[in-house]
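Enquirer: Residue numbers (my numbering): 1479 to 1895.
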Amino acid sequence: MDAAALTDVGERLDSFVGEVFSSLARKDQRATAGVYARGLMLDGRRKSMQPMAQRLGVDHQRLPQFVTNSPWDVVPVRKTLSRKACDLITPDAWVIDDTGFAKDGDGSSCVARQYSGTLGKVGNCQGAVSVHAATDSASAPLDWRLCLPESWDDATEDPEAAAAIAARRRRSAIPGDERYRTKAAMALEMLDELISWGRVPPVIVADAGSGDSAPFRQGLTDRDLVYVVAVKAATLAHPADAVPAAAGYSGRGRPPARRYPPAATCRDLVLAAGIGALTEVTWRRGTKNGPGNPTAAMRSRFVALRVRPANRTIPRDEDGVLPQVWLLAEWPDGAAQPTDVWLATLPEDTSLSELVRLAKIRWRVECDYRELETGLGLDHFEGRSWLGWHHHATLVTAAHLFLTTVRPTDPKVTGQA
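1. At a Cβ threshold of 9 Å, is Arg1504 touching chain D?
2. Considering only the beta carbon of each residue, do Pro1787 and Leu1821 sit closer than 9 Å?
3. Name the DSSP beta bridge partners of Val1609, please?
4. Excluding the 5 residues preceding and the 5 following Ser1688 in the sequence, name in chain order all residues of the same chain whose CB lies nearer than 8 Å to its CB.
5. With 16 other CB atoms within 10 Å as the buried threshold, where does Tyr1847 fall?
6. Would you tell me roughly how many angstroms separate the C-alpha atoms of Gly1601 and Ala1645, rounded to the nearest one?
7. Use the C-beta contact count for Gly1535: other C-beta atoms within 10 angstroms, 16 or more gives buried, fewer gives exposed.
8. Quick one, are the C-beta atoms of Arg1732 and Ala1723 less than 9 Å apart?
9. Using alpha carbons as the reference points, say which of Glu1796, Ser1863, Leu1559, Ala1877 lies closest to Gly1676.
10. At what residues does the alpha helix (DSSP H) containing His1716 begin and finish?
11. Less than 9 Å between the C-beta atoms of Val1709 and Cys1744, yes or no?
12. Do you know whose CA, among Arg1790, Val1781, Ile1839, lies nearest Thr1817's CA?
13. Could you check which residue in Arg1508, Ala1481, Arg1504, Asp1480 has the C-alpha nearest to that of Ser1493?
14. Measure the alpha-carbon distance for Asp1621 versus Gly1754 and round it to whole angstroms.
15. Between which two residues does the beta strand (DSSP E) carrying Phe1780 extend?
16. Output needed for Lys1878: all residues of its chain with C-beta closer than 8 Å, excluding positions within five of it in sequence on either side, in chain order.
17. Please name the residue in Ala1642, Leu1856, Thr1757 whose C-alpha comes closest to that of Ser1778.
18. At what residues does the alpha helix (DSSP H) containing Glu1489 begin and finish?
Rendered as structure tokens:
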């Protein structure tokens, strides 16, 4: 956003910041939150604090003092942001995703050599998990967690290693009770937090990084949350009509347990259904198809089957029967086999087009991340503290939601830097 456009929305921004950051105790803190948000939205390639201060014409020390050193609580701010986002968007789904932030050194909080989907490889980076409210036309982050790698967890039996890790944690001011968890476990924590704030989850959507975990899927079911999650094609399942049966009983000892026949992979179940079971589905209009074809339809071939996922951790009923879910698979024209697979607990009468629409809604969050990281500087934070990162992510979320709020009524607001 250029300076003129930012001036035009200045009064609306002041009102927005005043409401979102009303939990901050001091007036000067709330004012600096507004200054920082302006810096994030103002045109400029780098959104770290010194370049922002120069563009804004403010004392550079004002920004790190507020973001890195001031101990304000992100929870009430995020609680307000999540309410405003859900009221604005009325989401069709909450999307769980993660991202990575490449780092040159090892001083930043929670940096480690680890795989990042953003980098597409193992690299020196931080990782974060997020939950987003999404529709086909808009989305906004609701909550964040910075991932603490195993190499930053000082709960180890090696005293020398534990001491070194503890010293590293103190330098980044990481809370003493913060421990390594999987990204799927962190996602469940955020869902619990959002629910405790009064947010009502619609369908939960996730990629295979979380969806392939049977405990994660069961965690959603235990919370009565409906989901559409990607899984690996090698995930095991039974056809819906499969039933457990007991082996022959001799009449002596304990009767044998009822067991299902050997499970098949999701890929094999789709291949068994065959090409004749496929239906072409259009789920949205494209946004990047070139000037000569700006609204080309996004379409492919899909099949939806009723199956019973096979895993020892999945609870069965009193007769030993596994629950049914949807198996959705995309099998593009010309492909030798399915390319993408999802499991979904949507009702049995859900249409194929609705299953596909929700499975594909993650594209909106990819748009979020492009704006959050490139336009608003989510990955430009150069501070090294745990609290500083969460402050920065919360301020970026606020700037993103403000742009989402004003963009429909102000064509000059692009949100891109």
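Beta carbons: idealized from backbone N, C-alpha and C, even for Gly. Predicted, not measured: the structure shown is a model, and the values here were computed from it.
Expert: On the basis of the coordinates in this document:
1. In the structure shown, chain D cannot be found, because there is only a single protein chain.
2. Yes, the Cβ-Cβ distance between Pro1787 and Leu1821 is below 9 Å.
3. Per DSSP, Ile1574, Asp1621.
4. Shown here for Ser1688: same chain residues with a beta carbon closer than 8 Å to its own, the five before and five after excluded, namely Ile1574, Lys1661, Ala1662, Ala1665, Phe1694, Val1707 in chain order.
5. Classification of Tyr1847: buried, given that the 10 Å Cβ count is 16 or more.
6. Whole-angstrom Cα-Cα distance: 23 Å.
7. Around the CB of Gly1535, fewer than 16 other CB atoms lie within 10 Å, so the residue is classed as exposed.
8. No Cβ-Cβ contact shorter than 9 Å links Arg1732 with Ala1723.
9. Comparing Cα positions, the closest option is Leu1559.
10. Run containing His1716: none in the alpha helix (DSSP H); it sits in the beta strand (DSSP E), 1714-1717.
11. Result yes, Cβ atoms of Val1709 and Cys1744 sit closer than 9 Å.
12. Considering only alpha carbons, the answer is Val1781.
13. Closest option to Ser1493, Cα to Cα, is Arg1508.
14. So the two alpha carbons sit approximately 42 Å from each other.
15. Looking at the DSSP string, the run of the beta strand (DSSP E) that includes Phe1780 is 1775-1787.
16. Per the sequence presented here, residue 1878 reads as His, with Lys not at that position. Within the same chain, His1878 has close Cβ partners Ala1618, Pro1619, Asp1846, Glu1849, Leu1850, Leu1854, Gly1893.
17. Residue Thr1757 holds the alpha-carbon nearest to the alpha-carbon of Ser1778 among Ala1642, Leu1856, Thr1757.
18. Glu1489 -> alpha helix (DSSP H) spans 1488-1498.
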